[in-house]
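Residue numbers (full-length UniProt numbering): 1 to 212.
Contents: one structure, followed by commentary.
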Ligand SMILES: O=C(O)C(=O)C[C@]1(C(=O)O)C=C[C@@H](O)C=C1
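Structural data, given as structure tokens:
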């Protein structure tokens, strides 16, 4: 076994690694200069078109030199991440993730899922609350005070309708919510008013039962 041979090759690799790091630092310095220009001119840190051009270049060269284009793209994005971190630090903003190829599409996908889950929840809570109040009202009216059974049902019709309306509006409005802020506000509004109406309804029922 020729250890001297391996040592020589590993030394060459170590020198090549150092050259790579020096080149990466040179690249990072150029990106930092671009970052300063962007900060002075109000430009966004990420430029998806430029990133795509850089990635295409890496993939093309990888294929030309007999390397794996997917792996080289990954390396390329990791290198660009270093630039983006430096550029974001200049602007004092959180660094975006350059491995995320389509950040805007992702945002829409997430909010669409949020909207659907939120709407289903809202409908479920609304239907369940009205059904529970209906059952409680029937129990309160017919079991505890059979003389006034129907009148308590009429009395409860208004708060029940308001609860149903509140959750229905939340369900309907969530479909047109444009961003996470909209969705948060619709949820908050629905749960505050819906919760308040439910509490008032339960209080009326309790009073009705206590007073007979
Ligand atoms: O060309 C730019 O605008 C840069 O900021 C440089 C760079 C890169 O590292 O290649 C970094 C971030 C951008 O999203 C695109 C490219």
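Built from N, CA and C at the ideal position, the CB exists for glycine as well.
Treat the numbers as computed from the prediction; the structure is a model and nothing was measured.
**OP:** Can you tell me which of the three DSSP states residue 160 falls into?
**Re:** In the chain shown, counting from the first residue as 1, residue 160 sits at position 160. In the structure shown, residue 160 sits in a helix (DSSP, three-state: H, G or I).
**OP:** Kindly examine ligand 1 and report whether one of its heavy atoms sits closer than 6 Å to the Cβ of residue 215.
**Re:** Within the shown structure, residues of the chain are numbered from 1 to 212, placing residue 215 beyond reach of any answer.
Original post:
Where does residue 43 sit, in a helix, a strand or coil, going by DSSP?
Top reply: Taking the chain shown and counting its residues from 1, one reaches residue 43 at position 43. Note: residue 43 maps to coil in three-state DSSP.
**OP:** Return the residue from the list 33, 39, 31 and 205 that minimises the CA-CA distance to residue 155.
**Re:** Taking the chain shown and counting its residues from 1, one reaches residue 155 at position 155. Of the listed residues, the one whose Cα sits closest to residue 155 is 205.
**OP:** Just confirm the distance between the C-beta atoms of residue 87 and residue 31, as a whole number of angstroms; I'd bet it's less than 8 Å.
**Re:** Locating residue 87 in the chain shown gives position 87, where the first residue counts as 1. Locating residue 31 in the chain shown gives position 31, where the first residue counts as 1. So it is a contact: roughly 6 Å between Cβ atoms.
Original post:
For residue 174 versus residue 133, is the C-beta spacing smaller than 7 Å?
Top reply: Here residue 174 corresponds to residue number 174 of the chain shown, with the count starting at 1. Here residue 133 corresponds to residue number 133 of the chain shown, with the count starting at 1. Not closer than 7 Å, so no.
Subject >> Simplified DSSP state of residue 202, which is helix, strand or coil >> reply: Mapped onto the chain shown, residue 202 falls at position 202. Looking at residue 202 - three-state DSSP - the assignment turns out to be helix.
Original post:
Who are the near neighbours of residue 187 in its chain, counting only those whose CB is closer than 6 Å to its CB and skipping five residues on each side?
Top reply: Position 187 of the chain shown, counted from the start, is the residue given in the question as residue 187. Same-chain partners within the cutoff: there are none.
Original post:
Excluding five sequence neighbours on each side, which residues of the same chain lie with their C-beta closer than 7 Å to the C-beta of residue 118?
Top reply: Walking along the chain shown from the start, residue 118 turns up at place 118. Within the same chain, residue 118 has close Cβ partners 174, 183 and 187.
Original post:
residue 33: beta carbon under 6 Å from a heavy atom of ligand 1?
Top reply: By one-based count along the chain shown, residue 33 stands at place 33. It does not: the Cβ of residue 33 is nowhere closer than 6 Å to a heavy atom of ligand 1.
**OP:** Counting only runs of 4+ residues fully inside the segment 32-96, write out the alpha helix (DSSP H) ranges in chain order.
**Re:** Here the runs fully enclosed are 48-64 and 69-91.
Original post:
By how many angstroms is the C-alpha of residue 78 removed from the C-alpha of residue 37?
Top reply: Your numbering for residue 37 matches position 37 in the chain shown. Your numbering for residue 78 matches position 78 in the chain shown. Answer to the nearest angstrom: the Cα atoms are 22 Å apart.
**OP:** Using the Cα positions of residue 185 and residue 94, report the straight-line distance between them to the nearest angstrom.
**Re:** Residue 185 sits at position 185 when you count from the first residue of the chain shown. Residue 94 sits at position 94 when you count from the first residue of the chain shown. Answer to the nearest angstrom: the Cα atoms are 25 Å apart.
Original post:
How many angstroms separate the CA atom of residue 16 from the CA atom of residue 4?
Top reply: For the purposes of this step, residue 16 is taken as residue 16 along the chain shown, with counting starting at 1. For the purposes of this step, residue 4 is taken as residue 4 along the chain shown, with counting starting at 1. In this structure, the CA atom of residue 16 is about 18 Å from the CA atom of residue 4.
**OP:** Say yes only if the C-beta of residue 83 is nearer than 6 Å to one or more non-hydrogen atoms of ligand 1, and no if none qualify.
**Re:** Counting from 1 along the chain shown, the entry for residue 83 is found at position 83. Under cutoff, so the answer is yes.
Original post:
For residue 135 versus residue 164, is the C-beta spacing smaller than 7 Å?
Top reply: On the chain shown, residue 135 is found 135 positions in, with the first residue counted as 1. On the chain shown, residue 164 is found 164 positions in, with the first residue counted as 1. No, the pair does not count as a contact, with Cβ atoms beyond the cut-off.
**OP:** Check whether the Cβ atoms of residue 76 and residue 45 sit closer than 7 Å, and answer yes or no.
**Re:** Here residue 76 refers to the residue found at position 76 of the chain shown. Here residue 45 refers to the residue found at position 45 of the chain shown. It is not a contact, given that the beta carbons lie outside the stated cut-off.
Original post:
Can you find a heavy atom of ligand 1 that lies under 6 Å from the Cβ of residue 72?
Top reply: For the purposes of this step, residue 72 is taken as the residue at position 72 of the chain shown. Because no heavy atom of ligand 1 lies under 6 Å away, the Cβ of residue 72 does not count as near it: no.
Original post:
Taking 6 Å as the line, does the beta carbon of residue 50 fall inside it for any heavy atom of ligand 1?
Top reply: Here the question's residue 50 lines up with position 50 in the chain shown. Taking 6 Å as the cut-off, the C-beta of residue 50 counts as close to a heavy atom of ligand 1.
**OP:** Count the other C-beta atoms from every protein chain shown that fall within 10 angstroms of the C-beta of residue 66, then say buried if there are 16 or more, exposed otherwise.
**Re:** On the chain shown, position 66 is the one that residue 66 refers to. Per the 10 Å Cβ criterion, exposed.
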